[in-house]
Amino acid sequence: MSHNTLDFQSVDIGDSLPDLPIDLTVSLIVGGALVSRDFTQVHHSKKAAQDAGMQDVFMNILTTNGLVGRYVTDWAGSDARITAVSIKLGTPNLPGDTMTMTGAVKAKDDAAGTVEVEVTGKNAWGDHVTGTVTVALPMGA
Amino acid sequence: MATSKEEFEARLQEFVGLEIGAPEVGADLVNEPMIRHWCEVMEDRNPVYTDPAAAKDSVHGGIVAPPTMLQTWILDGFDMATPEKQPMNKQRELHAVFNEQGYTGVVATNCDQSYDRYLTPGEQVSGTTVIETISEEKATAIGIGYFIETRTTFRNQDGEQVGWMVFRVLKFKPSAQPAAAPAGDDGAPAAPVRLRAPRTHDNGWWWNKIDEGELHIQKCGECGVLRHPPRPMCGECRSIEWTSIISTGKGVINSYVIMHHPPIPGYGFPIACALIDLEEGTRIISNVVGCDLDEVHIGMKVSLSIENVDDEMKLPLFKPAQ
């Protein structure tokens, strides 16, 4: 078993996750869309994005989900298992901006061995994403 | 063709509960190269996705796919760039019904995913999507519209459920096309800035003086009473003759709030908004800067500091008096 994972007992409601600033480059936005197999034009063509009323290509939801999941397992460790991700979408993630992820433990379910982490990804325009990640943690000795 | 709202909404409800079409079956089995490409871009270093030895020692016992890739395994890929290539299904039919009535905009608002377990290489994922609910008509910030919720159930090749997703979109009538913010010279979007004060015939001169670094107070040309904000007529003697004096910028906080919401882009919330009694006798509302927010208090002596809050805009801000 991995020793780099938080155990369920060691996590308390109110614990904060370290902030994670993510540079929103065109490469991340386009790359994220393509590795998630999402070829919708607004995520890789600036012209298509502008025709849709945006100023540039913007991040697709799968990339947002991927970054949210990564943020929580970066903190919890490799033996943490994500069981649910529930997100609300707000301001778009556009190139040239930075999204800063913050998070805190909101609830613990002793029976299920899961904790709920509240996550926010904020960019210059406001909250890009707010939501909850449910993650199962190993029981400590 | 004119359609009553009742007819339109009845037509919408015919879609509720329908499967949008045959299950969407992943073209690729869950596989390590696609997982690795995903992790590269997300900069996800979790070894259970890419390091066979570490993955074997983990709770998973071997390589697994990031759970948030769930939908990736069933997406159409390159054909998505060409909407005409997409086969008609009930979801697209529903959107077409909306488009006919002018609800042409679509924006995703929520995505809930639940994972029964992590997927492993070699599994073939398919997804069955049902149109679950269509809301009543709602007024939103971007226009009136309807929320559509679809539920996709994901199964593997043996029919075992591996996860589900509820996806919520707003199908709306664009009110006014939101103006795209201008891009900077380098092509990057301009950072959001504070709302600009409208400069009118009656107050433009006052803002021009701020740009020159002076805080002016309007003074009646007949009776000499001071007034702020600028306006055309004296409230005391109704004269429309006026001049102005330059304020010393010294004042005392009469009242204040620490504003957190709504977090309007460009302001750096929370901020202290104060009503300040200037020593000349008029009041002005502005921000208090240059100290911790919890130091701001009623009766605090403050002094003017005209500062740039972005590349273009100057504001008369107030700092604790020395």
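Line by line, the protein sequences give chains C and R. The numbers in the first sequence follow the working numbering, run straight up by one, and end at 248. The numbers in the second sequence follow the working numbering, run straight up by one, and end at 391. Backbone N, C-alpha and C define an ideal beta-carbon position, used for all residues, glycine too.
The continuous stretches of beta strand (DSSP E) do not include G95 of chain R, and DSSP gives it neither H nor E. E206 of chain R and P245 of chain C have their alpha carbons spaced roughly 45 Å apart.
Within a 10 Å sphere around the beta-carbon of E162 of chain R sit fewer than 16 other beta-carbons, which makes this residue exposed. Within the same chain, R188, T190, G220, T221 come within 6 Å of A243 of chain C by CB-CB distance, once the 5 residues on both sides are set aside. In this structure, R:W107 is the residue among R:W107, R:G90, R:V94 with its C-alpha nearest to the C-alpha of S134 of chain C. For V94 of chain R, no Cβ of chain C is located within less than 7 Å of the residue's own Cβ. The straight-line gap separating the alpha-carbon atoms of G214 of chain R and E169 of chain R is approximately 13 Å.
Distance from the Cα of D185 of chain R is smallest, within the candidate group R:A341, R:H270, R:R224, for R:R224. For M149 of chain R, the closest Cβ of chain C is nearer than 7 Å.
Put simply, the CB of S117 of chain C is far from chain R, with every gap to its CB atoms at 7 Å or more. Shown here, L373 of chain R sits in a strand according to DSSP, grouped into three states. Under the 10 Å beta carbon count, R144 of chain C is surrounded by 16 or more other beta carbons and is classified as buried.
Taking a beta-carbon distance threshold of 7 Å, N200 of chain C does not count as an interface residue toward chain R. Counted as a single uninterrupted DSSP element, the alpha helix (DSSP H) harbouring T180 of chain C occupies residues 168-183. Within chain R, the C-beta atoms nearer than 9 Å to that of P245 of chain C come from V128, in chain order. Taking 7 Å as the cut-off, the beta carbon of I203 of chain R is found no closer than this to the beta carbon of T219 of chain R. Annotation: V235 of chain R to D120 of chain R spans about 31 Å, alpha carbon to alpha carbon.
Under the Cβ criterion of 7 Å, N115 of chain R is counted among the residues facing chain C. Exposure of G86 of chain R is indicated by the presence of fewer than 16 other C-beta atoms within 10 angstroms of its C-beta. Per DSSP, reduced to three states, the secondary structure at D181 of chain R is strand.
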